[in-house]
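Enquirer: After the structure tokens below, expect a handful of questions from me.
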Amino acid sequence: MDLKGKHFLKMLDFTPEEINGLIDLSIRLKKEKKSGKSQASYLAGKNIALIFEKTSTRTRCSFEVAAHDMGAHVTYLDPSGSQIGKKESIADTARVLGRMYDGIEYRGFEQDKVEALAKYAGVPVWNGLTNESHPTQMIADMMTIKEHFGKLEGLKFVYMGDARYNMGNSLMVTCAKLGLDFVACTSEKYFPESWLVEKCQDIAKQTGASVTLTDDVAAGCKDADVIYTDVWVSMGEPDAVWEERIKELSPYQVNAKAFSYAKPGAKFMHCLPAFHDLNTTIGVQIHEKFGIDCMEVTDEIFESERSIVFDEAENRMHSIKAVMYATLGDVR
Ligand code: CP
Ligand code: NVA
């Protein structure tokens with residue numbers, strides 16, 4: 063795997079060997095950190111810009127901790143703290159930041175924006191989430207699955223909920239590239255776009271993966287190894303869509319019934335944040351309006367032994383470290 067100087071924008075840009083290389087590097091870096099080995103020379107003296115046009119807990123903290131561990135310095139630009147898009151174009155911003163920083167993380171709206179940033183920056187650009195994709199999450203997710211199952215190929219991976227957005231798209235591509243059997247189990251309206259499904263089905267032919275779309279929960283979840291979900295309304299979407307989403311996606315909630323079809327050792331995954339109880343402001347507002355206590359996953363499943371969501375969240379840091387090290391450092 064030689065990714066030095068490359069951008070990290072979407073999973074379609076990478077070969078299975080490169081993705082597996084990043085997963086294995088993440089596992090190595092996690093072991094090193096747990097053993098107390100210093101990683102401070104890996105990106106010593108590098109400067110990294112973190113641009114967030116949407117909010118974040120995991121992604122921001124992962125980039126910051128990973129950078130600090132590897133000896134790099136970061137500047138955080140929050141959703142209101144820069145001129146980007148408002149007074150200055152992406153192309154101009156890219157050319158300014160590229161003169162000062164060795165690498166740039168960008169979380170925002172359209173994928174086109176992060177692609178434009180990469181085109182003009184002259185330094186590696188890492189996608190920290192767009193409407194269409196969430197590639198750093200993919201390395202963490204596959205790393206987590208590999209830690210728990212010891213392999214990736216041949217596992218049945220079921221995604222329930224809104225499969226048209228960043229998480230559904232990215233997981234479908236990643237599973238196709240790495241030889242998993244991907245199922246989008248949701249109402250037809252929420253299937254990923256057909257051009258992407260066809261592309262993934264083509265990739266699957268070469269890797270031994272499969273890509274299936276179904277609105278049948280029993281068939282979709284049958285013998286699943288992993289059941290994955292994400293919020294029903296993503297960042298940047300209007301509040302007005304909540305009612306429709308709750309109505310249309312409730313049949314695809316991850317709950318005990320869905321897991322009753324899965325393999326006995328099946329695991330639950332979620333990129334987080336998750337609406338599984340009433341301990342959030344939005345959770346309470348939704349409860350008051352629609353009378354429900356949880357949304358995409360029940361509290362019972364979220365808190366169960368099946369749930370590996372906090373391993374997954376921790377792995378965001380180790381895998382983002384791998385992405386930065388591989389594209390910016392000299393991996394030894
Ligand atoms: N999963 C994820 O990207 O979390 P944050 O929005 O907290 O970064
Ligand atoms: N689909 C979610 C993912 C959050 C990590 C969103 O875009 O808000």
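Quick note on numbering: the sequence shown equals residues 63 to 394 in our numbering.
By construction, the Cβ of each residue, glycine as well, lies at the ideal position given by its N, Cα and C atoms.
#1: Give the straight-line distance between the Cα atoms of Ala-357 and Trp-294, rounded to the nearest whole angstrom.
#2: Taking 7 Å as the line, does the beta carbon of Gln-173 fall inside it for any heavy atom of ligand 1?
#3: Sorted by chain position, which residues of the same chain lie with C-beta nearer than 6 Å to Tyr-314's C-beta, five sequence neighbours on each side aside?
#4: As an exercise, report each continuous alpha helix (DSSP H) stretch of at least 4 residues that is fully enclosed by the region 271-313, in chain order.
#5: Look at the alpha carbon of Pro-186 and the alpha carbon of Arg-307, and state the distance between them as a whole number of angstroms.
#6: Can you tell me whether DSSP reads Gly-223 as helix, strand or coil?
#7: Under 8 Å, with one C-beta from each stretch per pair, do the region 180-199 and the region 308-327 reach the 3-pair mark?
#8: Distance, Cα to Cα, Ile-146 vs Asp-140?
#9: Which term fits Thr-343, buried or exposed, when burial requires 16 or more other beta carbons within 10 angstroms of its beta carbon?
#10: Below 8 Å on the Cβ atoms is my contact criterion, and I expect Pro-197 with Met-73 to pass it. Report the Cβ-Cβ distance as a whole number of Å.
#11: Within the same chain, show all residues whose beta-carbon is closer than 6 Å to that of Met-132, passing over the 5 residues directly before and after it, in chain order.
#12: Just checking, does the region 237-245 make contact with the region 256-266 on the three C-beta pairs under 8 Å criterion?
#13: Which parts of the region 164-249 are runs of the beta strand (DSSP E), unbroken and 3 residues or longer, counting only runs that do not cross its ends?
#14: In the DSSP assignment, find the alpha helix (DSSP H) that holds Val-259 and state where it starts and stops.
#15: If you draw a straight line from the C-alpha of His-332 to the C-alpha of Ala-388, how long is it?
#16: Apply the 10 Å Cβ neighbour rule to Phe-125 and answer buried if 16 or more other Cβ atoms are within range, or exposed otherwise.
#17: Return the residue from the list Arg-161, Arg-394, Glu-376 that minimises the CA-CA distance to Ala-128.
#18: Which residues in the same chain as Thr-77 place their Cβ atom closer than 8 Å to its Cβ, once the five residues preceding and following it in sequence are excluded?
#19: Is it a yes or a no for the region 112-119 touching the region 84-94, going by three-plus beta-carbon pairs under 8 Å?
#20: So within the region 126-162, which uninterrupted alpha helix (DSSP H) runs reach at least 4 residues, ignoring any that extend past its ends?
#21: Just the Cα atoms here: how many angstroms apart are Ser-144 and Glu-167?
#22: Tell me, please, which residues DSSP counts as bridged to Leu-112.
#23: In chain order, what are the residues with a CB under 7 Å from some non-hydrogen atom of ligand 1?
#24: Do you know how far the Cα of Val-245 is from the Cα of Gly-282?
#25: In the DSSP output, which residue or residues are listed as bridge partners for Lys-95?
#26: Quick check on DSSP: helix, strand or coil for Met-379?
#27: Write down the C-beta distance between Ala-320 and Val-279 rounded to the nearest angstrom, noting that I regard them as a contact closer than 8 Å.
#28: Shorter than 7 Å, the distance from the beta carbon of Asn-228 to the closest heavy atom of ligand 2, or not?
#29: To which residues of the same chain is Glu-177 closer than 7 Å at the C-beta, ignoring the five residues directly before and after it?
#30: Using 7 Å as the cut-off, classify the Cβ of Asp-301 as near or not near the heavy atoms of ligand 2, replying yes or no.
#31: Hey, is Ser-100 close to ligand 2, as in C-beta under 7 Å from one of its heavy atoms?
Expert: According to the data block:
#1: Note that residue 357 corresponds to Met in the displayed sequence, not to Ala. Taking the straight line from one Cα to the other gives about 8 Å.
#2: no
#3: Met-222, Gly-223, Thr-248
#4: 279-283, 304-311
#5: Each residue's Cα considered, the two are about 37 Å apart.
#6: coil
#7: no
#8: 11 Å
#9: exposed
#10: 5 Å
#11: Gln-101, Tyr-104, Leu-105
#12: yes
#13: 165-169, 187-189, 218-222, 243-247
#14: 256-269
#15: 26 Å
#16: buried
#17: Glu-376
#18: Lys-239
#19: no
#20: 152-162
#21: For Ser-144 and Glu-167, the distance between alpha carbons rounds to 14 Å.
#22: Partner residues in the beta bridge of Leu-112, as assigned by DSSP, are Tyr-138, Glu-167.
#23: Thr-117, Ser-118, Thr-119, Arg-120, Thr-121, Arg-122, Leu-191, His-196, Gln-199, Cys-333, Leu-334, Pro-335, Arg-378
#24: 6 Å
#25: According to DSSP, Lys-95 bridges with nothing at all.
#26: helix
#27: 6 Å
#28: yes
#29: Leu-71
#30: Asp-301: no, Cβ never under 7 Å from ligand 2.
#31: no
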